[in-house]
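Accompanying notes for the structure given below.
Residue numbers (this note's numbering): 5 to 84.
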C-alpha cells in the first residue's frame with residue numbers, strides 16, 4: 005500500500021499538466037483518422053474466407069496456398 009501511495013504522489017504532478025484538448029473540426033478529423041482503421045488494416049476483409057475446413061483445404065491445394073485454421077474453445081464473448 006505504501007508503494008502505491010508513493011507512486012501516486014510521484015504521478016500526481018504529471019496529471020495536473022495534461023489537459024483535455026478542445027474538440028474542433030480539425031481535432032475531430034485528426035482523432036477519427038487516428039481511431040478508424042486504414043485501408044491497409046482492412047485488407048483482411050478482401051480474403052475469400054471458407055466456413056468449412058475441408059473446403060479451405062481443397063481450395064488451398066488447387067492454388068498451392070497455405071491454410072489457416074482458427075479454432076476457439078468456449079463462448080465467443082467469454083460468457084461460459
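Cβ atoms here follow ideal geometry from the backbone N, Cα and C, with glycine treated the same way.
* Asked: Using the C-alpha atoms, what's the distance from residue 14 back to residue 6?
  -> The residue labelled residue 6 in the question sits at position 2 within the chain shown. The residue labelled residue 14 in the question sits at position 10 within the chain shown. Cα-Cα distance, rounded: 12 Å.
* Expressed to the nearest angstrom, what Euclidean distance is found between the alpha-carbon atoms of residue 50 and residue 81? -> Here residue 50 refers to the residue found at position 46 when the chain shown is read from its first residue. Here residue 81 refers to the residue found at position 77 when the chain shown is read from its first residue. Taking the CA atoms as reference points, residue 50 sits about 25 Å from residue 81.
* Relative to the alpha-carbon of residue 53, which residue among 29, 74 and 8 has its alpha-carbon at the smallest distance? -> Against the chain shown, residue 53 aligns to sequence position 49. The shortest Cα separation from residue 53 among 29, 74 and 8 belongs to 74.
* For residue 77, the first and last residue of its enclosing alpha helix (DSSP H) -> Start at 1 with the first residue of the chain shown, and residue 77 comes out as number 73. Annotation: residue 77 is outside any alpha helix (DSSP H) and is labelled neither H nor E by DSSP.
* **Where the alpha helix (DSSP H) through residue 66 begins and ends** => Position 62 of the chain shown, counting from 1, holds the residue named residue 66. 57-67 is the span of the alpha helix (DSSP H), which, as asked, contains residue 66.
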